[in-house]
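Residue numbers (the numbering used here): 3 to 280.
Idealized CB from N, CA, C, for every residue including glycine.
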């Protein structure tokens with residue numbers, strides 16, 4: 003999901019310096035390494051940063067990392083636990099004290115032109131509306147809680163421009179995932195044209211999701227975050243589309259919309275300390 007850049011103070015220089023210091027110290031004579039080990043041991047966030055820096059070294063619009071790199075980053079994410087990030091379900095981020103539409107908190111970790119890292123904190127019933135990730139590869143790790151995920155890919159096996167010609171402003175998409183997920187579970191990966199590039203998150207319970215995007219959203223580079231409304235396939239029957247009756251439930255029409263007014267995302271900087279205060 004796109005986070006307005008004027009809401010986020012660019013961070014990451016400290017991580018870079020820390021990693022550079024770690025790499026330099028590791029090259030010092032072996033006899034000096036023992037007393038440096040405690041100081042140079044990387045935190046899970048630093049390990050994730052280093053993996054992203056390697057995996058997304060050549061990141062660009064529509065470029066998918068190699069299968070080896072994907073597996074490397076997936077493995078790093080799989081090993082991260084909520085306590086590694088100082089997160090607990092009873093923190094203020096995950097409650098809706100004032101009632102109404104739950105506010106979502108985004109803990110910004112790092113962003114550069116190659117990748118971004120951050121954590122979405124959702125109270126129960128919190129919703130990240132249906133949105134896309136154009137030209138991007140996205141890794142998501144549900145840290146705790148139960149979340150309903152519904153994701154789509156554009157229906158690419160249909161006659162070109164059928165939906166746009168007969169139903170302007172709507173496009174047919176195929177449902178990729180429509181299910182509840184409960185942590186601990188495997189990280190999910192979506193690709194520019196596959197894997198559920200457009201998705202919606204709904205928190206069944208309080209949830210935390212660690213997100214890695216490569217490359218990140220960028221309007222000048224054609225990676226604008228678009229939001230969508232969905233409609234059942236049967237709402238708009240068209241000619242030229244032949245889908246077996248039993249499969250029609252797997253397709254829906256998507257229509258681009260403005261960013262929902264009900265969506266409230268509070269952006270905060272992630273603190274690397276063991277406990278984070280609201």
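Residue environment for residue 139: buried (at least 16 other C-beta atoms within 10 angstroms of its C-beta). Under the 10 Å beta carbon count, residue 226 is surrounded by fewer than 16 other beta carbons and is classified as exposed. Using a Cβ-Cβ distance cut-off of 8 angstroms, the stretch 178-197 and the stretch 219-236 are not in contact, since fewer than three pairs of beta carbons, one from each stretch, lie closer than that value. With a 10 Å radius around the Cβ and a threshold of 16 neighbouring Cβ atoms, residue 56 comes out exposed. In this structure residue 158 is exposed. Its beta-carbon is surrounded by fewer than 16 other beta-carbon atoms within 10 angstroms. Listed as beta-bridge partners of residue 149 by DSSP are 183 and 205. Residues 104 and 205 of the same chain have their beta carbon placed closer than 7 angstroms to that of residue 127, with the five preceding and five following residues left out of the count. Take residue 97, set aside five residues on each side of it, and the residues of its chain with a beta-carbon closer than 7 angstroms to its own are 125, in chain order. The closest CA to that of residue 147, considering only 77, 184, 107 and 216, is found on 184. Residue 132 is a Cβ neighbour of residue 200, given a cutoff of 8 angstroms. Separation of the CB atoms of residue 137 and residue 71 is rounded to 17 angstroms, and the pair is thereby denied contact status at 8 angstroms.
Beta bridge pairing from DSSP links residue 139 with 216. Taken atom to atom, the span from the alpha-carbon of residue 194 to that of residue 99 is near 37 angstroms. The beta-carbon separation of residue 269 and residue 150, rounded to 24 angstroms, does not stay under the 8 angstroms limit for a contact. Assignment of beta-bridge partners to residue 226 by DSSP yields no partner. Here residue 251 has no same chain residue with a Cβ atom under 7 angstroms from its own Cβ, once five neighbours each way along the sequence are excluded. About 7 angstroms separates the beta carbon of residue 211 from that of residue 121, a gap short enough to meet the 8 angstroms contact definition. Of the other Cβ atoms in all chains shown, fewer than 16 fall within 10 Å of the Cβ of residue 196; this residue is therefore exposed.
Judged by their CB atoms, residue 203 and residue 130 are nearer to each other than the 8 angstroms cut-off.
Contact between residue 116 and residue 61 holds: their C-beta atoms lie close to 4 angstroms from each other, under 8 angstroms.
Counting only residues of its own chain and dropping the five nearest sequence neighbours on each side, residue 264 has a CB closer than 7 angstroms to the CB of 103. The three-state secondary structure of residue 71, taken from DSSP, is helix. Within the model, the alpha-carbon separation for residue 68 versus residue 173 is close to 30 angstroms. The C-alpha of residue 48 lies about 42 angstroms from the C-alpha of residue 233. Beta-bridge analysis with DSSP links residue 43 to no other residue. Here DSSP, grouped into helix, strand and coil, assigns residue 87 to helix. Residue 56 sits in a helix when the DSSP states are folded into three classes.
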